[in-house]
Amino acid sequence: MQIAKHTVVSMHYTLTGDDGQVIDSSQGADPLVFLQGAGNIIPGLDNALIGKSAGDSLDVRVVPEEGYGVIDEHLIQQVPREMFQGVDTIEPGMTFQAQDQSGYIQRVEVKSVDGDTVTIDANHPLAGQHLNFAVTIVEVRAATEEEIDHGHVHGPHGHHH
Ligand code: ZN
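Here my numbering = 1-based position in the sequence shown + 71.
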């Protein structure tokens, strides 16, 4: 069976950055299982799998626009040190959960610290990056009507609720 919209795909993958560092991998764990064409995974990878079947291996290079987006400069902000109450040492690379005025929780990373000014970045950690996936398709099956309706996979390796 070939991968098409609303098929359930099981696959192993290794994600590598342009610097050659492995960012994420399913090797040694269960394969990733997802519903194709339902926004379960980034569009650049989702679309590249169409027409593939079990046993196929492929390399997919995803541009930022079809991955986790480009870097939004508006999400890089300078804030006063006192916003980090209860934190003794603030260093670049530290991450925090921050709540904005509408109550939305987002992950921010400290980019730099200059005296009482801290520069934080709320972009996705993989924003602006090209993503290199090495993929092996394990299984392809038709989705059930319920899975299509819910927009995600049910069953032993899928979404539970
Ligand atoms: Zn469901």
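Beta carbons are placed, not taken as given, at the ideal position from N, Cα and C, and that holds for glycine.
Within the chosen definition, does the segment 149-156 reach the segment 92-110 through at least 3 CB pairs nearer than 8 Å? No, they do not touch.
CB-CB length for aspartate 192 against glutamate 180, believed under 8 Å: Taking the sequence shown and counting its residues from 1, the one referred to as residue 192 is at position 121. Taking the sequence shown and counting its residues from 1, the one referred to as residue 180 is at position 109. Contact between aspartate 192 and glutamate 180 holds: their C-beta atoms lie close to 5 Å from each other, under 8 Å.
Compute the Euclidean distance between the alpha carbons of glutamate 137 and leucine 197, then round it to the nearest angstrom. Taking the sequence shown and counting its residues from 1, the one referred to as residue 137 is at position 66. Taking the sequence shown and counting its residues from 1, the one referred to as residue 197 is at position 126. Approximately 12 Å, taken between the alpha carbons.
Is it the case that the CB of histidine 223 approaches a heavy atom of the ligand ZN more closely than 7 Å? In the sequence shown, counting from the first residue as 1, residue 223 sits at position 152. For the ligand ZN, at least one heavy atom lies less than 7 Å from the Cβ of histidine 223.
Locate the beta strand (DSSP E) running through threonine 106, then write down its first and last residues. Taking the first residue of the sequence shown as 1, we reach residue 106 at position 35. Looking at the sequence shown, residue 106 is not threonine but leucine. 103-106 is the span of the beta strand (DSSP E), which, as asked, contains leucine 106.
May I ask you to report which of helix, strand or coil DSSP gives isoleucine 112? Here residue 112 refers to the residue found at position 41 of the sequence shown. Isoleucine 112 sits in coil when the DSSP states are folded into three classes, being neither helix nor strand.
Alanine 213 CB to nearest chain C CB: under 8 Å? Absent here is chain C; the protein component of the structure consists of one chain.
Where does proline 135 fall in DSSP's three states? Here residue 135 corresponds to residue number 64 of the sequence shown, with the count starting at 1. Secondary structure of proline 135 (DSSP, three-state): helix.
Is it buried or exposed, serine 173, if we count other Cβ atoms within 10 angstroms and call 16 or more buried? Here residue 173 refers to the residue found at position 102 of the sequence shown. Exposed is the call here.
Measuring straight from C-alpha to C-alpha, what distance separates glycine 126 and alanine 119? Taking the sequence shown and counting its residues from 1, one reaches residue 126 at position 55. Taking the sequence shown and counting its residues from 1, one reaches residue 119 at position 48. If I take the Cα positions, the gap works out to 15 Å.
Please report the straight-line C-alpha distance between glutamine 200 and leucine 129, rounded to a whole angstrom. Numbered from its first residue, the sequence shown carries residue 200 at position 129. Numbered from its first residue, the sequence shown carries residue 129 at position 58. One C-alpha to the other measures close to 20 Å.
Going by the DSSP bridge assignment, what does aspartate 192 pair with across the sheet? Within the sequence shown, residue 192 is the residue found at index 121, counting from 1. For aspartate 192, which the question treats as bridged, DSSP gives the partners Ile147, Glu180.
Serine 81 to glutamine 92 span [Cα, whole Å]: On the sequence shown, position 10 is the one that residue 81 refers to. On the sequence shown, position 21 is the one that residue 92 refers to. So the alpha carbons of these two residues sit roughly 24 Å apart.
Determine the closest residue to serine 124 out of Gly99, Ala109, His83, Asp187, with distance taken between C-alpha atoms. Stepping through the sequence shown from its first residue, residue 124 is reached at position 53. Ranking Gly99, Ala109, His83, Asp187 by CA distance to the CA of serine 124 puts His83 first.
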